[in-house]
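For the sequence shown, the numbering used here begins at -5 and goes up steadily by one. Where is the CB? At the ideal position from N, CA and C, for every residue including glycine. Right, one structure below, let's go through it.
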Amino acid sequence: MSVKITVLCFTLIIYILILVAFNKARAKYAGGKIGAVINLILITVILLFIADYVKLFDEYLSENILFMFQSLFRAAALSVLAFGGIRIASE
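Below you can see the structure in the form of structure tokens.
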């Protein structure tokens, strides 16, 4: 296995653990501000997951395009978290 595949497998395990834990918490704390925060965290983690796994397309896309997609998904994740947090805090 290459180093890239090993790192991606390790991060996949971490992402799965985070998603399972917050999905169980979402079922337990449905509704209210806590439920909304959990949903924001889940959306952020999914977008960061996509940003990390764009690297798998390095055989098909140029490095600049990959960097653009990575940056786009990371910015989207942070924007969702920031604007959602502001919206929840202002309620």
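Starting from the Cα of residue i, find the closest Cα among the options and give me that residue.
{"i": "ASN33", "options": "PHE43, LEU11, ASN17, ILE44", "result": "ASN17"}
{"i": "VAL31", "options": "GLU85, SER84, GLY78", "result": "GLY78"}
{"i": "VAL39", "options": "GLU53, GLY26, LEU6, ALA83", "result": "LEU6"}
Which class does residue i belong to by DSSP, given the choice of helix, strand or coil?
{"i": "SER56", "result": "coil"}
{"i": "TYR9", "result": "helix"}
{"i": "TYR47", "result": "helix"}
{"i": "ALA24", "result": "coil"}
{"i": "SER(-4)", "result": "coil"}
Measure the beta-carbon distance from residue i to residue j and round it to whole angstroms, keeping in mind my assumption that it falls under 8 Å.
{"i": "LYS49", "j": "LEU60", "result": "7 Å"}
Under 7 Å, Cβ to Cβ, is there at least one residue of chain C near residue i?
{"i": "GLY29", "result": "Absent here is chain C; the protein component of the structure consists of one chain."}
Within 10 Å of its beta-carbon, does residue i have 16 or more other beta-carbons around it, so buried, or fewer, so exposed?
{"i": "ALA51", "result": "Residue 51 is actually Phe in this sequence, not Ala. Result: exposed."}
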